[in-house]
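Here's the structure we're looking at; comments come further down.
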Amino acid sequence: MSHSTLAVNIAYLSPCKEDAACTYWNEVQQLMEKAAKDLGVNLYTLYDSHDNNFREQADKVRYIKKLSVKPDFVILTPLPSQVSLNTLKELEALKIHSFIISGEIPPAEKMLYQKPQQKFKYWFGHMYGNNEAAGYLLAQRLASESSSMMALAGSNMHSESENRVDGLKDYVAETNIILNQIVPTDWTEQQGYYKTSKLLNRYKDINSIWTAGHRLAFGASKAVLEANLDKTIKIGTFNWTADTLAELKAKHIYVSIGGHSITGALAIVLLHDAYHRHDFITFNGTRQIPVELIAATVDNLDDTILRYKTWFTFNFKNISKVYNPSMSTHYINVLPPRAAN
């Protein structure tokens, strides 16, 4: 790795437009920027130009290719249809280290990627939310002895949805709950509303709704409120955005699984330390780092989402090996340490 300058240079390939309301990804980026500022990292973001155009990741790599001074690391999110696989190939040819955050490798492509530094020497690491375990946990928190559930999945193109649904199916297979239907969507609030309205008419005994993303949950909540039912329907989802917190407080949503938007900031810490000769493989023992997500309800907000929000005022030097030589391992957790702030 180059050490021509003291500060590490990191490029982040955002999956969003600069002015888009990507609430989850905006939070990922804000936390990355906080970590970069604390650690003196030069972080610059390359945005999409259009909505939902996966192929733009390749355009960003072509832009990097033209730079006279290349970044030391490129942080990206895994996209389907071998888009990110091709990104790794291009960065490998440029001898630029890559790091994947947040999402998992599409299951059908895992053999093509292999593991970091097996097939791609410059693929430096992968930190992701354990979505299968999270899907299981969400079903578990929604279930009761008489559960009759419906599920709104995300797009079939996304590994996050696929793995979360696998966790849901695992839980259903172990229990007596009734899972009436799993419906794919485009992740939007509009489809959450439309498909929930249809399924509430089709399945009169539904008492819980499992959703793969927070916008789907918002749509489902609206449909349930409009249906004016004489029973309570528990709605569960993922992500700890500000609007999700508001929906939990209003008791429109029963439970949300989250914390994985910290993966980008934790990656900044790992890459900063590796650049300064404290490679996380030495301390953590692996370049594949799953992060276990946590369930937040209105009853435990202080210990979950509100504690998580203190990352925004946390000094990331407190979990850097460079600044804390006595650390025996890097701190990998969706919640910040309680002691230092």
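Numbering (this note's numbering), first residue to last: 4 to 344. Even for Gly, the Cβ is constructed at its ideal location relative to N, Cα and C. Note that the coordinates shown come from a computational prediction; the quantities given were computed from them, not determined experimentally.
Within 10 angstroms of the Cβ of residue i, are there 16 or more other Cβ atoms? Answer buried if so, exposed if not.
i, result
"residue 75", "buried"
"residue 66", "exposed"
"residue 264", "buried"
"residue 324", "buried"
"residue 82", "buried"
"residue 7", "Any reading at residue 7 is ruled out, since the residue's pLDDT is 41, under 50, leaving its predicted position unreliable."
"residue 72", "exposed"
"residue 328", "exposed"
"residue 152", "buried"
"residue 53", "exposed"
"residue 226", "buried"
"residue 110", "exposed"
"residue 14", "buried"
"residue 285", "exposed"
"residue 246", "exposed"
"residue 177", "exposed"
"residue 121", "exposed"
"residue 84", "exposed"
"residue 289", "exposed"
"residue 24", "exposed"
Quick test of your reading: residue i and residue j, contact by CB under 8 Å. State the CB separation rounded to the nearest angstrom.
i, j, result
"residue 219", "residue 243", "Actually they do not touch by this definition, with Cβ atoms about 15 Å apart."
"residue 215", "residue 155", "6 Å"
"residue 107", "residue 89", "Incorrect: roughly 18 Å between the Cβ atoms, too far for contact."
"residue 60", "residue 86", "6 Å"
"residue 130", "residue 301", "Going by Cβ atoms, the distance from residue 130 to residue 301 rounds to 29 Å, so no, they are not a contact pair."
"residue 79", "residue 99", "No, residue 79 and residue 99 are not in contact; Cβ-Cβ is about 11 Å, not under 8 Å."
"residue 3", "residue 304", "Any question about residue 3 goes unanswered here, given that the chain covers just 4 to 344."
"residue 63", "residue 16", "5 Å"
"residue 174", "residue 194", "About 24 Å separates the two Cβ atoms, so there is no contact after all."
"residue 192", "residue 239", "At roughly 16 Å, the Cβ-Cβ gap does not stay under 8 Å, so residue 192 and residue 239 are not in contact."
"residue 309", "residue 262", "Actually they do not touch by this definition, with Cβ atoms about 12 Å apart."
"residue 287", "residue 332", "6 Å"
"residue 36", "residue 46", "6 Å"
Which residues mark the beginning and the end of the beta strand (DSSP E) in which residue i is found?
i, result
"residue 199", "It is not in any beta strand (DSSP E) - residue 199 instead sits in the alpha helix (DSSP H) that spans 192–205."
"residue 20", "12–20"
"residue 183", "181–186"
"residue 170", "Note, residue 170: premise wrong, no beta strand (DSSP E); alpha helix (DSSP H) at 162–177."
"residue 286", "First-last for residue 286: 283–287, but that is the alpha helix (DSSP H), not the beta strand (DSSP E)."
"residue 79", "76–79"
"residue 239", "237–241"
Considering only the alpha carbon of each residue, which of the options lies closest to residue i?
i, options, result
"residue 147", "104, 212, 157 and 119", "212"
"residue 159", "25, 185 and 92", "185"
"residue 232", "253, 250, 210 and 39", "210"
"residue 311", "299, 273, 161 and 180", "299"
"residue 95", "17, 84, 77 and 104", "77"
"residue 12", "123, 278 and 287", "278"
"residue 339", "328, 32, 307 and 14", "307"
"residue 281", "123, 206, 304 and 326", "326"
"residue 132", "330, 238, 321 and 292", "292"
"residue 234", "194, 51, 207 and 315", "207"
"residue 21", "105, 48, 91 and 37", "48"
"residue 267", "314, 163 and 284", "314"
"residue 237", "288, 262, 296 and 141", "141"
"residue 257", "224, 182, 320 and 229", "224"
"residue 139", "283, 115 and 180", "180"
"residue 230", "255, 253 and 203", "203"
"residue 248", "23, 115, 27 and 341", "27"
State the start and end residues of the unbroken alpha helix (DSSP H) segment that holds residue i.
i, result
"residue 51", "Residue 51 -> not in any alpha helix (DSSP H); beta strand (DSSP E) instead, spanning 45–51."
"residue 26", "26–42"
"residue 214", "It is not in any alpha helix (DSSP H) - residue 214 instead sits in the beta strand (DSSP E) that spans 211–214."
"residue 60", "59–69"
"residue 116", "113–116"
"residue 272", "266–278"
"residue 308", "308–311"
"residue 1", "Residue 1 falls outside the range modelled here, since the chain spans only 4 to 344, and no answer is possible."
"residue 217", "217–230"
"residue 96", "86–97"
Tell me, please, whether the CB atom of residue i is closer than 8 Å to any CB atom in chain C?
i, result
"residue 33", "No chain C is present in this structure, which holds just one protein chain."
Does the beta carbon of residue i fall short of 7 Å from some heavy atom of the ligand ADP?
i, result
"residue 76", "Among the components modelled here there is no ligand, and therefore nothing to report on the ligand ADP."
Review point. Three or more C-beta pairs closer than 8 Å, one from the region 42–52 and one from the region 260–274: is that the case here?
Key: yes
Handout entry: Cβ contact (3+ pairs, closer than 8 Å) linking the region 167–182 and the region 195–205
Key = no
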